[in-house]
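Written out below as structure tokens is the structure these notes cover.
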Amino acid sequence: MRSSTARGQLTSLFREALDRLTIAHTEPDPRLVLLRAVDLFDSLYDRGQHPQPGTISRYLCEARGWDAQEAEWVAGIWEVVVALKSLRSVREAG
């Protein structure tokens with residue numbers, strides 16, 4: 037059961053955020069969903085949540101029934117947020 041594996045690697049806080057994103061996924065404008073993802077991921081990163089992108093896309097596909105391509109886009113947004121946050125940390129430290 038891969039979906040239970042994906043669920044097991046995400047904290048309940050992160051799963052709740054992805055579940056909220058799934059509800060927003062029904063919005064007619066996909067850009068709004070992407071903006072919500074950025075806001076959610078920004079907040080989650082600041083709260084110490086750091087799952088792997090593949091875990092995010094697997095959870096969205098297997099547990100929430102997302103299309104694989106859309107789930108990959110969301111995982112890609114997570115990667116961008118992580119990269120930007122990491123860059124900011126390096127700049128502030130240096």
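Residues 37 to 130, numbered by this note's numbering, are exactly what the sequence shown covers, in order. Where is the CB? At the ideal position from N, CA and C, for every residue including glycine.
W114 vs I92 beta-carbon contact at 7 Å
yes
Who are the near neighbours of Q85 in its chain, counting only those whose CB is closer than 7 Å to its CB and skipping five residues on each side?
T47, L49 and F50
Review point. Are there 16 or more other CB atoms within 10 angstroms of the CB of R127, so buried, or fewer, so exposed?
Key: exposed
Discussion item. So, at 6 Å on beta carbons, what are the nonlocal neighbours of R56 in its own chain, with the 5 sequence-adjacent residues on each side left out?
Written reply: none
State yes or no: is the C-beta of V69 within less than 7 Å of the C-beta of A60?
-> yes
Check for me: the alpha helix (DSSP H) holding E63 runs from which residue to which?
Run containing E63: none; DSSP gives neither H nor E here.
- request: Classify A129 as helix, strand or coil using the three-state DSSP reduction.
  value: helix
I need the DSSP call for R51, collapsed to helix, strand or coil. helix
Taking its Cβ as the centre, do 16 or more other Cβ atoms sit within 10 Å of R67, making it buried, or is it exposed? exposed
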